[in-house]
Amino acid sequence: MEMETNNIFQSRTDLGILHQQVHALKQEIGKVIVGQDEMVELLLAAILADGHVLIEGVPGVAKTLTAKLLSKCISVDFSRIQFTPDLMPSDVIGTSIFNPKESTFQFKRGPIFSNIVLIDEINRAPAKTQSALFEVMEEKQVTVDGHSYALESPFMVVATQNPIEQEGTYHLPEAQLDRFLFKILVSYPTQEQEYQVVMHHHQSNLKDMMAQVGEVLTGAQVDSLRQQVRTLHVEPKLISFITTIVGSTRNHKSIYLGASPRASIGILNGAKALAAIRGRDFITPEDVVHITPSVLRHRLVLTPEKEMEGANTDDVIRDILQQIEVPR
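For this note's numbering, count along the sequence shown from 1 and bump the result up by 7.
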């Protein structure tokens, strides 16, 4: 009996190093960012879960700055793409250029060939340009002229959009939204947090604050941490809980388009990453409940009647979670 107990504990995942490195990342980002703990935690969870993130918030709440800080803390390549109505797919993924010396076409890689890619105002580009992201976000490769070019790991897209200003914007296709692991909603800081932000900028400029932020992880270490997160223990009843939640979105009276199995996998992976960040090698029902709105809110389409009532997807998700018995 004692030998069996020892085997159980030996098989548990040691998250000591992961917890230290996540704490170090939070500390480095905290040198510049005040508050926004939820956004930072979900961004770190997305990295560990190997997922992409869509950040929505009004201008000036540090969406772009946080993404840039994240890339600065990880020793990997970073690129930024400003989406505009006249941006072409080739401006994102690259294009073949004729080389007269060799009389051949050579592929010139676009800015998407990086490790962390920040796409600012993603909803300002038309569907033709949005389609350029479909393959690369799902398969981590780009196909041009019949040739496929793989991206280096880790690869993560962090996209931002403004929820208020609709002039000159385009609705993101559902197939593309489904490729984002999380949609993070960023609100205004509290008055106390805003006081600290302004005080920081009074005492030191942004350039100097950014210079104080150091690298914490390498790309290889990120891959290693992701491997650890995948090994976390999950009870079958929690997988059933996840699939019940997602299944409920497909026959809910307020939802026109429910979530796909990709959402179930997203909740599972997100809950694993969240548990690891919080120092546990197993997920709990609370992890699932906490991560579910961020995974589902951009994947659901409400009925026209519900939208006319002024409801949003978070309201419906909250209603679904209240109706499902939480496993214990």
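Where a beta carbon is used, it is the ideal one built from N, C-alpha and C, also for glycine.
Beta-carbon contacts of residue i that lie in its chain and below 7 Å, excluding the five residues immediately before and after
i: ALA69; result: ILE40, GLN43
i: PRO180; result: ALA134, GLN137
i: SER271; result: ILE249, THR250, VAL253
i: SER255; result: ILE327, ILE331
i: PHE162; result: ASN122, LYS147
i: THR225; result: SER82
i: LEU51; result: VAL29, LEU32, ILE284
Residue of the options minimising C-alpha distance to residue i
i: PRO178; options: PHE189, GLU159, ILE191, ARG131; result: At residue 178 the sequence reads His, which differs from the Pro that was named. Minimum Cα distance to HIS178 is reached at ARG131.
i: GLY117; options: GLN148, SER110, PRO107; result: GLN148
i: LYS214; options: SER301, LYS79, ALA182; result: LYS79
i: ILE81; options: ALA134, ILE100, LEU94, SER160; result: SER160
i: HIS30; options: GLY58, ILE284, GLY254; result: ILE284
i: LYS33; options: GLU45, LEU22, GLY23; result: GLU45
i: ALA282; options: HIS240, GLN329, PHE112; result: HIS240
i: THR250; options: VAL296, THR225, VAL236, SER261; result: VAL296
i: ALA218; options: GLN28, PRO268, ILE24, ILE36; result: ILE36
i: ALA280; options: PHE112, PRO107, LEU232, GLN113; result: LEU232
i: ASP57; options: MET206, ARG237, ILE24; result: ARG237
i: GLN183; options: VAL333, HIS208, ASN212, GLU145; result: GLU145
i: ASP294; options: SER121, PRO334, ASN106; result: PRO334
i: LEU55; options: LEU25, GLN329, VAL223; result: LEU25
i: MET216; options: VAL229, LEU76, GLN329, LEU140; result: LEU76
i: ASN169; options: GLN113, THR111, THR71; result: THR71
i: GLN28; options: GLU222, PRO311, ILE290, SER247; result: GLU222
Outcome for residue i when other beta-carbon atoms lying within 10 angstroms are tallied against a minimum of 16
i: GLY277; result: buried
i: GLU316; result: exposed
i: PHE349; result: No answer is possible for residue 349: it lies beyond the span of the chain, which begins at 8 and ends at 335.
i: HIS259; result: buried
i: VAL65; result: exposed
i: ILE327; result: buried
i: ASP152; result: exposed
i: MET10; result: In this prediction, MET10 scores a pLDDT of 44, lower than 50, which makes its location untrustworthy; the coordinate-derived value is nonetheless stated afterwards. Classification for MET10: exposed.
i: THR167; result: buried
i: GLU242; result: exposed
i: LEU245; result: buried
i: THR197; result: exposed
i: THR73; result: buried
i: VAL323; result: buried
i: TYR202; result: exposed
i: PHE120; result: buried
i: THR320; result: buried
i: GLY67; result: exposed
Other residues of its chain near residue i: CB distance less than 6 Å, five sequence neighbours each side excluded
i: PHE189; result: LEU49, ALA53, VAL60, SER301
i: ALA227; result: none
i: GLU199; result: none
i: LEU94; result: ALA132, THR136
i: PRO311; result: none
Nonlocal neighbours in the same chain, by C-beta distance under 8 Å from residue i, ignoring five residues either side
i: LYS115; result: GLY101, THR102, SER103, ILE104
i: LEU22; result: GLN235, ALA283, GLY286, ARG287, ASP288
i: VAL308; result: GLU181, ILE262, TYR263, LEU264
Expected contact under 8 Å - CB spacing of residue i and residue j to nearest Å
i: ARG304; j: ASP185; result: No, ARG304 and ASP185 are not in contact; Cβ-Cβ is about 12 Å, not under 8 Å.
i: ILE62; j: VAL164; result: So it is not a contact: roughly 11 Å between Cβ atoms.
i: THR176; j: ILE252; result: Actually they do not touch by this definition, with Cβ atoms about 30 Å apart.
i: ILE123; j: VAL83; result: 6 Å
i: PHE90; j: ASP127; result: 7 Å
i: LYS108; j: VAL220; result: Not really, about 43 Å apart at Cβ, beyond 8 Å.
i: PRO96; j: ALA139; result: 4 Å
Query raised in the report: Can you list, in chain order, the stretches of the alpha helix (DSSP H) that have 4 or more residues and sit fully within the region 127 to 168?
Result: 134 to 137, 139 to 146
Report task. Would you list, in sequence order, the uninterrupted alpha helix (DSSP H) runs of no fewer than 4 residues that lie entirely inside the region 230 to 286? Result -> 243 to 255, 268 to 284
**Report entry** Uninterrupted alpha helix (DSSP H) stretches inside the region 308 to 334 (no shorter than 4 residues)
**Finding:** You should have 311 to 315, 320 to 330.
Requested in this report: Output the residue ranges of the beta strand (DSSP E) runs that lie fully inside the region 86 to 122 and measure 3 residues or longer, sorted by chain position.
Outcome: 101 to 106, 111 to 116
Report task. Output the residue ranges of the alpha helix (DSSP H) runs that lie fully inside the region 200 to 226 and measure 4 residues or longer, sorted by chain position. Result -> 213 to 218
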